[in-house]
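Peer 1: First residue of the sequence shown: 1, per full-length UniProt numbering; consecutive thereafter. One structure follows; several queries about it will come next.
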Amino acid sequence: MQQENDHSKTHSDYNNSQYKDFQSTEEESGQQLNQDNCQNNKKLLKKTIYKKKYENLIDNGQVYDYDKDPEEYKKARKRIQNRLSASRVRNRKKNHTEILEEKVEFLQEQNNQLQLRNMKLQSENDILKNQVQIRL
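Written out as structure tokens, the structure reads:
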């Protein structure tokens, strides 16, 4: 009989420890969820608190304010970006053209030098041919 009581105590102790373990993991997961929710709420608050700030744009002497007219502001911003982009493209094209012109000059000079050398070698070759014929 005492063995049964010991056995039942052990069994009930085991059940209690399982319950405590379950309870503690449940509390921990609840705390974790609470922390996650708190972090998500902070992120949402940051998103709603901090509004994107736009600086006024000046395009062709006209000032564009985002708060007054967002559509016109966006159009002006796009025009400015396109103008800058076109300017960069023109500068790249100009630089490329200058490089090509320098290359053409260099190659023309090299071609002239090679033509002169060729003429000298041909005349030297003619002289040598004449000398060989004279000796024969």
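The C-beta atom is built at its ideal place from N, Cα and C for all residues, glycine as well.
1) Could you work out which residue in L57, E101, D65 and H96 is closest to Q81 when comparing CA atoms only?
2) Hey, how far is the Cα of I134 from the Cα of L128?
3) Taking only the alpha-carbon atoms, compute the straight-line gap between D69 and S85 and give it to the nearest angstrom.
4) Pick from A76, E71, L121 and Q115: whose alpha carbon is nearest that of residue 139?
5) Tell me, please, which residues DSSP counts as bridged to L57.
6) Tell me the residue span of the alpha helix (DSSP H) that contains K120.
7) Under 8 Å, Cβ to Cβ, is there at least one residue of chain D near M119?
Peer 2: By the coordinates alone:
1) Ranked by how close their Cα comes to the Cα of Q81, the residues L57, E101, D65 and H96 have L57 in first place.
2) Roughly 10 Å separates the two Cα atoms.
3) So the two alpha carbons sit approximately 24 Å from each other.
4) Given that the chain is displayed from residue 1 to residue 136, the structure contains no residue 139 and the question cannot be resolved.
5) Answer is Y64, bridged to L57.
6) Run containing K120: P70 to R135, per the alpha helix (DSSP H) assignment.
7) Protein chains in the displayed structure number just one, and chain D is not present.
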